[in-house]
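Trainee: Sharing a structure with you now.
In our numbering, the protein residues as written are 63 to 160.
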């Protein structure tokens, strides 16, 4: 990724993407959103540093409608496991199907 602040066009950001086949494509755009975590390659490319503390943990977010018999799934719920990690559910809008 390269940002050219002197570029007067509407697309000052140039990104080179590499596919799984090792084939590359170069695209120009107005913005890039980096959603790759604390060790962000996007952040590194624009020479910015992480502000705050990096955590030595892996986590992910899923936006799902869970169909389950867990009694607390439609409430804010934390499930802790001694050996397998933790799960936090935060309910979203929507109803369970009939």
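From the three backbone atoms N, C-alpha and C, an ideal C-beta is built for every residue, glycine too.
It should be emphasised that the depicted structure is a prediction, and the values quoted were computed from it without experimental measurement.
1) Where does residue 90 fall in DSSP's three states?
2) Under the DSSP definition of a beta bridge, which residues are partnered with residue 18?
3) Quick one: grab the DSSP three-state call for residue 103.
4) Quick one: residues in its chain with C-beta nearer than 8 angstroms to the C-beta of residue 5, no 5 flanking neighbours on either side, listed in chain order?
5) Check whether the Cβ atoms of residue 94 and residue 87 sit closer than 8 angstroms, and answer yes or no.
6) Alpha carbon to alpha carbon, what distance is there between residue 135 and residue 153?
Mentor: Reading it off the structure:
1) strand
2) With the chain covering only 63 through 160, there is no way to say anything about residue 18.
3) helix
4) In the structure displayed, the chain extends from 63 to 160; residue 5 sits before or after that span and is not available.
5) no
6) 8 angstroms
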